[in-house]
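**Student:** Adding 9 to a residue's 1-based position in the sequence shown gives its number in the numbering used here. Where a beta carbon is used, it is the ideal one built from N, C-alpha and C, also for glycine. All of these numbers come straight from a predicted model, not from anything done at the bench. Shown below is the structure under consideration.
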Amino acid sequence: MSSISFDLEGVKKNMLAKEGTFKHNTGKRAKLFPFAANDAKVFKMEYDLVDFGGIAAACYRECAALSHKTNFNKAEFIQQACLKASASNPAALTDIIEKVAFDDSGRLYAYDTEVYAYLNFAYPIEALTNIARYITSLLFDDELKAAFRTMAKGEPQNLLYKLLSTSFPPTVQELKEDEHFYMPSETIKAKFKDDFNFLIANNHKYKFVEYFPTLIKFYFFRSVTDLSLELNSFIAQAKKPIIFFSLDWEKLQASRPASNNGWKLFDAMLDSMFIHANTFELLSYINLPIARTGYNEIESFVKQSADADHRQLANTIDQVTVFYKEKNPQVEWANLPLSHNDAERMPVQRAINTLWKSIEYQFTTTKKRQLRAYKHLFVQFAKFNFGKKRGPNGYSLSLKHADVLFLTTLSIGAQDKVRLKDLRKEFEDRGIFLDGISWTHLIDYYEKVNMLEKKSDSGDGQYVKHLN
């Protein structure tokens with residue numbers, strides 16, 4: 010029989026205020042998402058959440074163990090370059106550097122991977138750095154980190170880039186600790202690794218520094234979305250639903266999957282993010298002989314354990330629920346609705362569901378704003394990048410032409426072309442689902458830009474090739 014207990018002293022220390030009231034502090038011991046219940050500055054981050062270059066740079070610094078407090082100074086950088094070049098006309102060289110290394114607003118431009126060591130956000134804020142830490146923790150193993158570092162250290166072929174490379178200030182090392190964010194499936198990580206390695210291997214054709222921000226933007230969206238769907242499915246004991254995209258340029262009827270199971274489903278399922286984050290945090294204070302106390306890990310433990318362990322674990326989770334209710338006396342717990350399908354669940358599933366429902370009830374009756382605030386950054390990120398206003402039907406999740414071309418490049422990969430039906434599977438393996446009507450529009454687009462090769466009118470006889 011396993012030793013299972015509730016770390017009461019630990020939870021009191023980390024989740025209770027001095028007066029004994031409960032603090033919904035998440036991410037101390039169980040890290041699900043890189044968000045906080047504070048949405049005050051989301052709209053100031055719009056440029057960074059769309060461009061994603063600053064987040065890409067922060068990911069590199071995480072991989073290279075570099076400080077995010079860069080000591081880059083534009084004037085000193087240009088002056089150093091002019092001195093090293095022994096420029097007879099510093100003003101002319103300065104003008105060239107301004108055009109090559111900086112954007113219209115005077116921010117450093119990522120013309121090469123090396124620049125990531127110094128590139129900052131347009132609106133520097135910890136919330137953006139946290140997104141980079143989340144992406145790095147989930148998707149980068151030691152092999153990918155090493156490949157990223159090696160690429161950034163490569164000597165530029167361009168003579169001007171070589172000059173600029175020697176003009177940067179020294180980088181500042183900083184010890185990094187893996188945040189260990191929760192990822193229940195390795196499938197996303199494996200697909201990301203394939204795509205990342207493809208872009209590095211083909212850097213001469215698809216400039217890595219231009220594609221990388223879009224790559225991590227898609228995988229950030231997919232990682233958060235897939236985890237939210239999976240956690241919700243566990244609580245509901247239901248099959249994980251599919252979220253559909255549409256194409257930005259097509260018309261969308263209200264009856265289409267991209268309308269019913271697109272933005273509406275996406276937005277609704279995010280309501281539970283903060284509830285899951287708090288449930289995981291509380292479950293982490295249960296001492297179990299397993300590495301992590303997530304839903305899936307607990308379920309696996311139950312399947313391999315004796316009945317006595319099941320009962321002990323269910324009772325321990327019930328103790329957590331009792332503690333939570335006691336420390337939230339402002340809630341009218343007598344009115345907590347009972348779950349009618351709980352009788353069909355196993356004792357441990359029932360105990361987890363009761364804890365989850367208690368946390369949900371507390372938020373929906375006394376702190377609804379915190380639920381909205383916690384998901385707000387991710388909702389706005391999705392709206393900035395994939396949201397399409399569809400009149401009375403509200404928003405849809407939509408792909409622009411550039412998104413389609415990027416996903417197609419990844420899906421074809423090192424091949425010259427792929428069958429249309431195989432391309433669809435590649436899209437879906439990356440979390441992008443389109444209904445039949447959207448695929449018809451997509452095929453028309455491929456034909457328009459000369460990417461479609463027809464050997465017959467059937468799906469087996471149609472191929473999509475890289476854009477010339």
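Over what stretch of residues does the beta strand (DSSP E) that includes phenylalanine 253 continue unbroken?
**Tutor:** Note, phenylalanine 253: beta strand (DSSP E), 253 to 256.
**Student:** Is DSSP giving leucine 443 helix, strand or coil here?
**Tutor:** Here leucine 443 sits in strand by DSSP.
**Student:** Nearest-angstrom Cα distance between tyrosine 132 and valine 59?
**Tutor:** Cα to Cα, the separation comes out at about 12 Å.
**Student:** Is it buried or exposed for arginine 399, if we count other Cβ within 10 angstroms and need 16 for buried?
**Tutor:** Burial call: buried.
**Student:** Could you tell me which residues DSSP puts in a beta bridge with asparagine 296?
**Tutor:** Beta-bridge pairing links asparagine 296 to Ser14.
**Student:** Does the Cβ-Cβ distance between isoleucine 13 and isoleucine 64 come in under 9 Å?
**Tutor:** Their beta carbons are not under 9 Å apart, which means isoleucine 13 does not touch isoleucine 64 by this criterion.
**Student:** How would you label arginine 70, buried or exposed, when you count the other beta carbons within 10 angstroms and need 16 or more for buried?
**Tutor:** Buried: at least 16 other Cβ atoms inside 10 Å.
**Student:** Is leucine 380 closer than 9 Å to methionine 282 when the C-beta atoms are compared?
**Tutor:** Yes, these two residues count as a Cβ contact at 9 Å.
**Student:** Out of Phe372, Phe177 and Ile326, point me to the one whose CA is closest to cysteine 91's CA.
**Tutor:** When only C-alpha atoms are compared, the closest one is Phe177.
**Student:** With DSSP run on the structure shown, which of helix, strand or coil describes glycine 19?
**Tutor:** In the structure shown, glycine 19 sits in a helix (DSSP, three-state: H, G or I).
**Student:** Nearest-angstrom Cα distance between leucine 117 and lysine 171?
**Tutor:** Whole-angstrom Cα-Cα distance: 16 Å.
**Student:** What separation, rounded to the nearest whole angstrom, lies between the Cα atoms of isoleucine 87 and phenylalanine 130?
**Tutor:** Their Cα atoms are separated by approximately 20 Å.
**Student:** Per DSSP, what kind of secondary structure is tyrosine 404 in: helix, strand or coil?
**Tutor:** In the structure shown, tyrosine 404 sits in a strand (DSSP, three-state: E or B).
**Student:** Identify, in the order they occur along the chain, each residue of the same chain with its Cβ nearer than 7 Å to the Cβ of alanine 110, setting aside the five sequence neighbours on each side.
**Tutor:** Only Leu117, Tyr118, Tyr120 and Leu173 meet the Cβ criterion.
**Student:** If we define contact as Cβ-Cβ less than 9 Å, is phenylalanine 390 a contact residue for chain E?
**Tutor:** Although the question refers to chain E, the structure presented lacks it and comprises just one protein chain.
**Student:** Opposite lysine 397 in the DSSP bridges: which residues?
**Tutor:** The partner list for lysine 397 (beta bridge, DSSP) reads Ser405.
**Student:** Can you tell me which of the three DSSP states glutamine 166 falls into?
**Tutor:** Reduced to three states, the DSSP call for glutamine 166 is coil.
**Student:** Residues bridged to isoleucine 462 by DSSP?
**Tutor:** According to the sequence shown, residue 462 is glutamate rather than isoleucine. DSSP output for glutamate 462 lists Tyr472 as bridge partner(s).
**Student:** Nearest to leucine 240 by CA position, among Ala300, Gln358, Val427 and Leu17, is which residue?
**Tutor:** Nearest C-alpha to leucine 240: Gln358.
**Student:** Taking the alpha carbon of arginine 231 as the reference point, which residue from Phe201, Arg378, Gln389 and Trp258 has its own alpha carbon closest?
**Tutor:** Cα-wise, what sits closest to arginine 231 is Phe201.
**Student:** Would you identify the three-state DSSP class for arginine 428, choosing helix, strand or coil?
**Tutor:** Note: arginine 428 maps to strand in three-state DSSP.
**Student:** Quick one: what does DSSP say glutamine 379 is sitting in, helix, strand or coil?
**Tutor:** Helix, per DSSP.
**Student:** At 4 residues or longer, and completely inside the segment 30 to 109: list those alpha helix (DSSP H) runs for me, N to C.
**Tutor:** Runs of the alpha helix (DSSP H) inside the segment 30 to 109: 55 to 60, 62 to 72 and 83 to 93.
**Student:** Give the C-beta separation of proline 43 and arginine 158 to the nearest angstrom, bearing in mind that I take them to be a contact with Cβ-Cβ under 8 Å.
**Tutor:** With 8 Å as the limit, proline 43 and arginine 158 do not qualify as a contact, their Cβ atoms being about 23 Å apart.
**Student:** Around the C-beta of arginine 316, are 16 or more other C-beta atoms found within 10 angstroms, so that it is buried, or is it exposed?
**Tutor:** In the sequence as presented, arginine is not what sits at residue 316; that position holds aspartate. Exposed, since its Cβ has fewer than 16 Cβ neighbours within 10 Å.
**Student:** Mind checking whether valine 413 and aspartate 276 have CB atoms under 9 Å apart?
**Tutor:** No; because the gap between Cβ atoms is not below 9 Å, this pair is not in contact.
**Student:** Which of the three DSSP states is assigned to phenylalanine 332 in this structure?
**Tutor:** Helix.
**Student:** My understanding is that isoleucine 252 touches leucine 443, with C-beta atoms under 8 Å, so please give their C-beta distance in whole angstroms.
**Tutor:** Actually they do not touch by this definition, with Cβ atoms about 11 Å apart.
**Student:** Which residue comes first and which comes last in the alpha helix (DSSP H) that contains aspartate 276?
**Tutor:** 273 to 278 is the extent of the alpha helix (DSSP H) around aspartate 276.
**Student:** Would lysine 40 and methionine 24 be called neighbours here (beta carbons separated by less than 9 Å)?
**Tutor:** No, they are not a contact pair.
**Student:** Is phenylalanine 111 helix, strand or coil by DSSP?
**Tutor:** If DSSP states are grouped into helix, strand and coil, phenylalanine 111 belongs with the strands.
**Student:** Out of curiosity, what's the CA-to-CA distance linking leucine 75 and leucine 292?
**Tutor:** Rounded to the nearest angstrom, the two C-alpha atoms are 33 Å apart.
**Student:** Cutting at 8 Å between CB atoms, please list the residues of its own chain near cysteine 72, excluding the five before and the five after it.
**Tutor:** Closer than 8 Å at the Cβ level, and outside the excluded window around cysteine 72, lie Thr145, Phe149, Leu153, Lys154, Phe157 and Arg158.
**Student:** Could you name the residues that DSSP lists as bridge partners for leucine 25?
**Tutor:** For leucine 25, which the question treats as bridged, DSSP gives the partners Phe31.
**Student:** Put glutamine 358 into one of helix, strand or coil per three-state DSSP.
**Tutor:** Reduced to three states, the DSSP call for glutamine 358 is helix.
**Student:** Quick one, which of Ile452, Asp204, Arg354 and Thr449 has its alpha-carbon nearest threonine 418's?
**Tutor:** It is Asp204.
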